[in-house]
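If you number the sequence shown the way the numbering used here does, the last residue is 710 and the count never jumps.
Glycine included, each C-beta is placed from N, C-alpha and C at the ideal position.
Owing to the predicted nature of the structure, the values given are computational and were not obtained by experimental measurement.
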Amino acid sequence: MGTIMPDWMTLARATLCRAYKYTGVLSVHEAIARAYGRRFMTILLFHRVTDQRPEDGLTINTARFRRICAMLSRRFEVVPLAEVFRIVRSGEEMPKRTVAITFDDCYYDNLAAARVLAEYGLPATFFLPTGYVGTERVFDWDRGLAPMPNLSWDDVKSMIRMGFEIGSHTVSHANLGAVNMDQAREEMIASRNTLQDRLGIPVRWFAYPFGGQNHLRPEFVPLIREAGYDGALSAFGGFIRPGIDDQILPREAVPYFKSLAHLEVYLSGCLHWIYALKRSKPFEGYPNLWPTEYQSDFPASHSLIGSR
Ligand SMILES: [Zn+2]
C-alpha cells in the first residue's frame, strides 16, 4: 500500500497548517475556543515505526516518529493513559493540549520506538495480543510482505523497566464483533491473565482489535469490567470531550497525518470548523462531530488500514 493521499494534497495541507501556526492565527483560535469552554483530550494510536517498509496506514518511519516525539514534548502535555481516564471520570476540567500515546500489535520495532519515547520522557501504553508475543506468528494483513518480527517477552519486560505500561489486545487479535460471548470473554480474560502472570504487573486497559464500531458488540461492553479492566480503547478517531462514554475512549491513528504541522494543528482542535464547512453543517460551537466527520472526511483506507 502506498501513500494515503496524493503528495500535492499533503503539501497543500502542510503549507496551510504552517501558515495557520506561524501567523499566530492558531494560538488566537485556540485561546478563543478555550475561552468559550471548549475542552478535549486526544489519545494517539501508533502501530509500526520502521524504515523497513514504506509509510502506510499502519507505518511511520523512524525520522518522522522522532520529530513527532520532539513536537509532542515541546508543544503538548503527554500524560499516561490512566490520567486521561481519571480526568474523564472525575469530571474535572480537561487541561489544554493533553495527549496520551498508545501502540497496538506488538511489532518488534516498538522496542526502538519505546527508547525514543524514553529519551523525550514521554509515557505510553503498548497493547499486546498475547498469542503473538515471542512467536513468529504473522498478522493476516502482513502475509506475503517482508517479515515483521514480534516483540519477545524479554523485550516487553525491558519496555516495562523503561517505565512503559502494557495493556491487552486479546490473545489472537480476534475480531470481537464476529465471535460469541464466551469467546470474547475468553480472549479478554486469558490475555489479561497471561500478561499479569508473565510480566508481574497489573493490566488495567484493553484495546479491542480492529477497533471499529463493528468490532465490539454493545452486549460485550460489560465484559470489559467483568474481565478486570478499568477501561477500553477503540481505534477510530475522535477527540475525547466532556460527557463522553467513559468505558471506551476513542483514538486517533497518527499515520493519517502526513506532516508534523497538520498533526499539531489537528491536535490543537482548530481544524473542526473546516470539517464542519466541508459537510455544510451549522457550526454549532464545536459539536462532537464523530463519527460523521471521520467517515466523510477521512479516506476509507484510514479507518480500515489505520486501525488494526
Ligand atoms: Zn491490533
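- Query: What number of angstroms, rounded off, separates the C-alpha of Thr504 from the C-alpha of Pro620?
  - Reply: The residue given as residue 504 occupies position 102 in the sequence shown. The residue given as residue 620 occupies position 218 in the sequence shown. Thr504 and Pro620: Cα-Cα distance of roughly 23 Å.
- Drop a sphere of 10 angstroms on the beta-carbon of Pro684, count the other beta-carbons inside from all chains shown, and report buried for 16 or more, exposed for fewer. Looking up residue 684 in the sequence shown gives position 282. With a pLDDT of only 44 at Pro684, under 50, the local geometry of the prediction cannot be trusted, and no value is derived from it.
- Based on the DSSP output, what are the partners of Gly569 in its beta bridges? Translated into positions along the sequence shown, residue 569 becomes position 167. Beta-bridge pairing links Gly569 to Phe529.
- For Tyr509, which three-state DSSP category applies? Numbered from its first residue, the sequence shown carries residue 509 at position 107. Strand, per DSSP.
- What is the DSSP secondary structure of Thr425, reduced to helix, strand or coil? Along the sequence shown, read from residue 1 onward, the residue named residue 425 stands at position 23. Coil at Thr425, not helix or strand.
- State buried or exposed for Val656, treating a residue as buried only when at least 16 other CB atoms are found within 10 Å of its CB. As a first step, residue 656 must be located in the sequence shown, where it is residue number 254. Buried.
- Task: Determine, using beta carbons only, whether Ile489 and Met443 come nearer to each other than 8 Å.
- Result: Position 87 of the sequence shown, counted from the start, is the residue given in the question as residue 489. Position 41 of the sequence shown, counted from the start, is the residue given in the question as residue 443. Contact flag set, yes.
- With DSSP run on the structure shown, which of helix, strand or coil describes Ala576? Within the sequence shown, numbered from 1, the residue matching residue 576 stands at position 174. Looking at Ala576 - three-state DSSP - the assignment turns out to be coil, as it is neither helix nor strand.
- Could you tell me if Pro611 is buried or exposed, where buried requires 16 or more neighbouring beta carbons within 10 angstroms of its beta carbon? Here residue 611 is taken as the residue at index 209 of the sequence shown, counted from 1. Pro611 is buried by the Cβ-count criterion.
- Close beta carbons around Met411, own chain, < 6 Å, minus the five adjacent residues each side: If you number the sequence shown from 1, residue 411 lands on position 9. Nothing meets the Cβ criterion.
- Query: Does at least one heavy atom of ligand 1 sit under 7 Å from the Cβ of Pro624?
  - Reply: Here residue 624 refers to the residue found at position 222 of the sequence shown. No.
- Task: Write down the C-beta distance between Pro356 and Pro482 rounded to the nearest angstrom, noting that I regard them as a contact closer than 8 Å.
- Result: Any property of residue 356 remains undetermined from this structure, which presents the chain solely from 403 to 710.
- By Cβ distance below 8 Å, which residues in the same chain neighbour Leu665 in space, the five residues on each side in sequence not counted? Position 263 of the sequence shown holds residue 665. Counting only Cβ-Cβ distances below 8 Å, and skipping sequence neighbours, we find Ile470, Met473, Val656, Phe659.
- Message: Contact between the region 547–563 and the region 571–590 is defined here as three or more beta-carbon pairs at a separation below 8 Å; is this criterion met?
- Response: no
- By how many angstroms is the C-alpha of Thr425 removed from the C-alpha of Pro652? Reading the sequence shown from its first residue, position 250 is the one you call residue 652. Reading the sequence shown from its first residue, position 23 is the one you call residue 425. One C-alpha to the other measures close to 31 Å.
- Query: On the premise that Ala435 lies in contact with Gly671, defined as a C-beta separation below 8 Å, what is that separation, rounded to the nearest angstrom?
  - Reply: Position 269 of the sequence shown, counting from 1, holds the residue named residue 671. Position 33 of the sequence shown, counting from 1, holds the residue named residue 435. At roughly 6 Å, the Cβ-Cβ gap stays under 8 Å, so Gly671 and Ala435 are in contact.
- Leu601 lies in the alpha helix (DSSP H); which residues open and close that run? Here the question's residue 601 lines up with position 199 in the sequence shown. 583–601 is the extent of the alpha helix (DSSP H) around Leu601.
- Task: Grab the span of the alpha helix (DSSP H) containing Ala484 for me, first residue to last.
- Result: Your numbering for residue 484 matches position 82 in the sequence shown. Its alpha helix (DSSP H) spans residues 483–492.
- Message: Going by beta-carbon coordinates alone, are Gly613 and Phe638 separated by less than 8 Å?
- Response: The residue labelled residue 613 in the question sits at position 211 within the sequence shown. The residue labelled residue 638 in the question sits at position 236 within the sequence shown. Yes, Cβ-Cβ distance for Gly613 and Phe638 is below 8 Å.
- Can we count Asp458 as close to ligand 1, meaning its CB is less than 7 Å from some heavy atom? Residue mapping note: residue 458 aligns to position 56 of the sequence shown, counting from 1. For ligand 1, not one heavy atom lies less than 7 Å from the Cβ of Asp458.
- Task: Counting only the same chain and skipping the five closest in sequence on each side, list residues whose C-beta sits under 8 Å from that of Glu479.
- Result: Position 77 of the sequence shown holds residue 479. Taken in chain order, the residues that qualify are Pro497, Lys498, Arg499, Thr500, Val501.
- Message: Given the structure, does His431 come close to ligand 1, in the sense that its CB is under 7 Å from one of the ligand's heavy atoms?
- Response: By 1-based counting over the sequence shown, the position of residue 431 is 29. Not so, every heavy atom of ligand 1 lies at least 7 Å from the Cβ.
- Could you give the residue range of the alpha helix (DSSP H) that holds Thr464? As a first step, residue 464 is located in the sequence shown; it is residue number 62 there, counting from the start. Looking at the DSSP string, the run of the alpha helix (DSSP H) that includes Thr464 is 464–477.
- Query: From what residue to what residue does the beta strand (DSSP E) around Trp607 run?
  - Reply: As a position in the sequence shown, residue 607 is number 205, starting the count at 1. It spans 607–609 - the beta strand (DSSP E) in which Trp607 sits, taken as one unbroken run.
- Item | Residues near Thr452 by beta carbon distance below 8 Å, same chain, minus five either side | Counted from its first residue, the sequence shown places residue 452 at position 50. Once the five neighbours on either side are set aside, the close Cβ partners of Thr452 are Thr461, Asn463, Thr464, Tyr509, Asp511, Met550.
- Query: In or out: Gly459 buried (at least 16 other Cβ within 10 Å) or exposed?
  - Reply: Within the sequence shown, numbered from 1, the residue matching residue 459 stands at position 57. Burial call: buried.
- In angstroms, rounded to a whole number, what distance separates the CA positions of Asp544 and Ala515? Translated into the one-based positions of the sequence shown, residue 544 becomes position 142. Translated into the one-based positions of the sequence shown, residue 515 becomes position 113. In a straight line, the C-alpha of Asp544 is about 20 Å away from that of Ala515.
- Message: Helix, strand or coil for Thr417? Go by DSSP, reduced to three states.
- Response: Here residue 417 is taken as the residue at index 15 of the sequence shown, counted from 1. Thr417: helix per DSSP, three-state reduction.
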